[in-house]
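Reading through the structure tokens given below for one structure.
Residue numbers (our numbering): 573 to 927.
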């Protein structure tokens, strides 16, 4: 019953086979191999336009490097106040941007609303040269509470951002889960909706260690070659990144893996909603469930071997609180989660709830 993180699982069999196959023979290094060119073409086809592609091994590097192209050191990046770039990257975005400031925007489910973005922009002081100007908006798809932005929501946020001369970054560590849920094309929810650069994740979704920084205007990312090198994130044996991404995308494998993870989360949430005393604040829209558990149920689950983490209550719906005898936890499903694990978790919670 492992629900701690989708980072805790290995890579899909298809991705691992591709890595092993890429191990044969010599290839040019530093991204000059044919496999990398093929992946660049494949991503351009996926997004229905020519894109600039720069692969790295971590999502934090992808986010920080991407944002470094959107803001000067004296700029502001607007993001949700519980987003990964805000709370979980040890000031990586600030490091890569040379000191740009992150300003958090609150919102239920770790989503930024159009109204909240407007309010934040109106409140920002604009005294030159004293105040830092906003240069970029970063949104997370799917969010840290397992919700997704619809195409219309992305369009609304991007429209406001562009009206204020802000570039738009999308943290897509779980982009596959969002696209699988929305049923739209990758293009519809990114550049067609106003996104300028995407951190396209594979690692959480079935890759081993591969994220792609995708520029929807290749000219915007022309200096990424040097930014990535200077930041220490150009993998010399680059073919192993290309192999992962190619296998991840091949035949819709990325969406197949995401649909499995999403379905497991939906099954888990449905089961927990029927357990007395358990509350599920958000219907999962990706591969995360965030139930509020009675403390004795949490204790019983851990005693039975379940692995999961406590979570923040700051982005719960208005008026919802966690009581003194409760805890909110994060349960993350993956491409490898089985129905047996889900059902055992629910059964353990149900048995503990009635004792």
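Even for Gly, the Cβ is constructed at its ideal location relative to N, Cα and C. Keep in mind it's a predicted model, so treat the numbers as computed, not measured.
Looking only at its own chain, which residues have a Cβ that is under 6 Å from the Cβ of residue i, when we skip the five neighbours before and after it?
{"i": "residue 683", "result": "715 and 719"}
{"i": "residue 661", "result": "632"}
{"i": "residue 723", "result": "756, 760, 761 and 765"}
{"i": "residue 709", "result": "650, 733, 738 and 740"}
{"i": "residue 618", "result": "758"}
{"i": "residue 905", "result": "833, 836, 837 and 859"}
{"i": "residue 664", "result": "632 and 636"}
{"i": "residue 861", "result": "837, 840, 841 and 903"}
{"i": "residue 845", "result": "852"}
{"i": "residue 596", "result": "none"}
{"i": "residue 543", "result": "This structure gives no information on residue 543, because the portion of the chain shown stretches from 573 to 927."}
{"i": "residue 594", "result": "811, 812 and 815"}
{"i": "residue 698", "result": "none"}
{"i": "residue 796", "result": "626"}
Is any beta-carbon of chain C found at less than 9 Å from that of residue i?
{"i": "residue 758", "result": "Going by chain labels, chain C is absent from the structure shown, which holds only one protein chain."}
Check this for me: beta carbons of residue i and residue j, under 9 Å apart or not?
{"i": "residue 813", "j": "residue 782", "result": "yes"}
{"i": "residue 749", "j": "residue 634", "result": "no"}
{"i": "residue 841", "j": "residue 852", "result": "yes"}
{"i": "residue 674", "j": "residue 648", "result": "yes"}
{"i": "residue 863", "j": "residue 821", "result": "no"}
{"i": "residue 681", "j": "residue 889", "result": "yes"}
{"i": "residue 574", "j": "residue 582", "result": "no"}
{"i": "residue 654", "j": "residue 676", "result": "yes"}
{"i": "residue 780", "j": "residue 587", "result": "yes"}
{"i": "residue 702", "j": "residue 672", "result": "no"}
{"i": "residue 802", "j": "residue 578", "result": "no"}
{"i": "residue 914", "j": "residue 843", "result": "yes"}
With a threshold of 7 Å on Cβ separation, who are the neighbours of residue i within its own chain once the five nearest residues in sequence on each side are excluded?
{"i": "residue 679", "result": "652, 685, 688 and 887"}
{"i": "residue 612", "result": "625"}
{"i": "residue 897", "result": "866 and 867"}
{"i": "residue 590", "result": "815, 816, 818 and 819"}
{"i": "residue 926", "result": "848"}
{"i": "residue 669", "result": "639, 640, 643 and 645"}
{"i": "residue 824", "result": "none"}
{"i": "residue 857", "result": "714, 718, 719, 720 and 753"}
{"i": "residue 908", "result": "581"}
{"i": "residue 601", "result": "808, 809 and 810"}
{"i": "residue 872", "result": "920 and 924"}
Give me the residue from the options with the minimum Cα distance to residue i.
{"i": "residue 831", "options": "910, 709, 619 and 742", "result": "910"}
{"i": "residue 730", "options": "768, 746 and 704", "result": "768"}
{"i": "residue 742", "options": "787, 780 and 664", "result": "787"}
{"i": "residue 763", "options": "616, 641, 746 and 916", "result": "616"}
{"i": "residue 717", "options": "855, 871 and 869", "result": "855"}
{"i": "residue 692", "options": "587, 700 and 705", "result": "705"}
{"i": "residue 900", "options": "882, 917 and 587", "result": "882"}
{"i": "residue 874", "options": "884, 912, 846 and 916", "result": "916"}
{"i": "residue 630", "options": "793, 772, 790 and 845", "result": "772"}
{"i": "residue 784", "options": "794, 795, 770 and 793", "result": "770"}
{"i": "residue 792", "options": "598, 601, 800 and 623", "result": "623"}
{"i": "residue 799", "options": "695, 891, 601 and 667", "result": "667"}
{"i": "residue 585", "options": "659, 658 and 829", "result": "829"}
If you drop the 5 nearest sequence neighbours on each side, which residues of the same chain put their C-beta closer than 8 Å to that of residue i?
{"i": "residue 826", "result": "748, 774, 777, 778 and 820"}
_Runs of alpha helix (DSSP H) lying entirely within the stretch 773 to 832, each at least 4 residues, in chain order_ = 796 to 802 and 811 to 821
*Would you list, in sequence order, the uninterrupted beta strand (DSSP E) runs of no fewer than 3 residues that lie entirely inside the stretch 731 to 758?*
739 to 744
*Using 8 Å as the Cβ pair cut-off and three pairs as the minimum, do the stretch 597 to 609 and the stretch 811 to 826 touch?*
yes
*Cβ contact (3+ pairs, closer than 8 Å) linking the stretch 871 to 885 and the stretch 914 to 922*: yes
*Residue ranges of each alpha helix (DSSP H) run of no fewer than 4 residues wholly in the stretch 626 to 672, ordered along the chain?*
631 to 640, 656 to 659 and 664 to 669
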